[in-house]
Every structure is written in structure tokens, then in C-alpha cells.
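Undergrad: Numbering-wise (this note's numbering), the sequence shown opens with residue 29 and increments by one.
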Amino acid sequence: MLAGYEGYRGEAYRDAVGVPTVGFGATAGVRPGERTDPVRAVQRLAADAEAHAREAARCIGEVPLYQHEFDAYASLAYNIGGPAFCGSTLVKKLRAAPPDYAGACAEILRWIYAGGRRLGGLARRRAQEYRLCMEGAPR
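Structure (C-alpha cells):
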């Protein structure tokens, strides 16, 4: 899922907000002109995705989730970063008593801006993440 959202670029480029990016959306420590190959890019994607999923799980805490809900949240966390995810209204809604599952899923749809601009690619990605999150609703 993430590889399809991110797309592959073998040479570093600046994303929509100017962050050096390479492979399947990797940004940490990327320098302009850096190169990668598909095998290394997939390995980095797997490691980065796992790290973001762990951070998302830490922030969500003991809230019971279906796997498809967690997958949607982990995808969002990969894209916006752990600090933004952990500080989001989405996480606050999940950690409410009782959890606001539908409200948390709906929060995904708010993350469609980068650098103050609405991006069509982000809107499409968020719509897919939202559908995944709401799979089998109501809760």
C-alpha cells in the first residue's frame, strides 16, 4: 500500500514542500543528489514503515483497533511523521472515553495540505486511507 502511494524515485528530489526525498518517500537524512536502487528503497521503506507503525501504536496506546484501522493510521503516520500523528486530533479522538472511532477515521481526511496548499494526490491518498479505516463500519 505505501509503495503505491509514495511511488519510486531512484534519485533524490524535493517533494511538494521542498524536503529532499528518495526511494519510496524516504526523507530522513536524504541529501540532494542522493541515489538509491529499488532493492535498497524497498528495504528502507520496510524499516521506515515499521518504525512509524511502532510510533503510531505507542501514541494510540491500548485502544482496541481492527487491523484495517491500524493500517490506515500507520499509513498516515508514515506520510505526516510520528510527531504530527501523535499530536493530532485523530489520536485524541481515539484516546477519548469512549473512543470516537468514526471521528478518528474522519480526521484522516483533513491531512490533504502540504506547504499550505491542497494537493490532489494527498486528497486521493486520504480518501483511500479513510475507506480502509471505515471498512466494515459502523463500530
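Think of the CB as a built atom: it goes at the ideal place given N, C-alpha and C, for glycine as much as any other residue.
Which partner residues of residue 50 appear in the DSSP bridge assignment?
TA: DSSP, once it has assigned bridges, lists 54 as partnering residue 50.
Undergrad: I need the straight-line Cα distance from residue 45 to residue 150, nearest angstrom please.
TA: Straight-line Cα distance between these residues: approximately 13 Å.
Undergrad: Assign residue 84 to one of three DSSP states: helix, strand, or coil.
TA: Note: residue 84 maps to helix in three-state DSSP.
Undergrad: What is the residue span of the alpha helix (DSSP H) that residue 131 lies within?
TA: Here the alpha helix (DSSP H) through residue 131 covers 129 to 135.
Undergrad: Mind checking whether residue 75 and residue 102 have CB atoms under 8 Å apart?
TA: Not a contact, by the Cβ cut-off of 8 Å.
Undergrad: How big is the Cα-Cα spacing for residue 72 and residue 129?
TA: Taking the straight line joining both Cα atoms gives about 31 Å.
Undergrad: Opposite residue 90 in the DSSP bridges: which residues?
TA: BP columns for residue 90 are empty, so no partner.
Undergrad: If we ignore side chains and look at the alpha-carbon of each, how far apart do residue 35 and residue 154 end up?
TA: Going by the C-alpha atoms only, they are around 15 Å apart.
Undergrad: Going by DSSP, which residues form a beta bridge with residue 39?
TA: Residue 39 is bridged to 63.
Undergrad: Of the residues 100, 120, 90, 107, which one's Cα is nearest the Cα of residue 170?
TA: Only positions 29 to 167 of the chain appear in the structure, and residue 170 is not among them; the question remains open.
Undergrad: Taking the alpha carbon of residue 142 as the reference point, which residue from 32, 31, 38, 47 has its own alpha carbon closest?
TA: The shortest Cα separation from residue 142 among 32, 31, 38, 47 belongs to 47.
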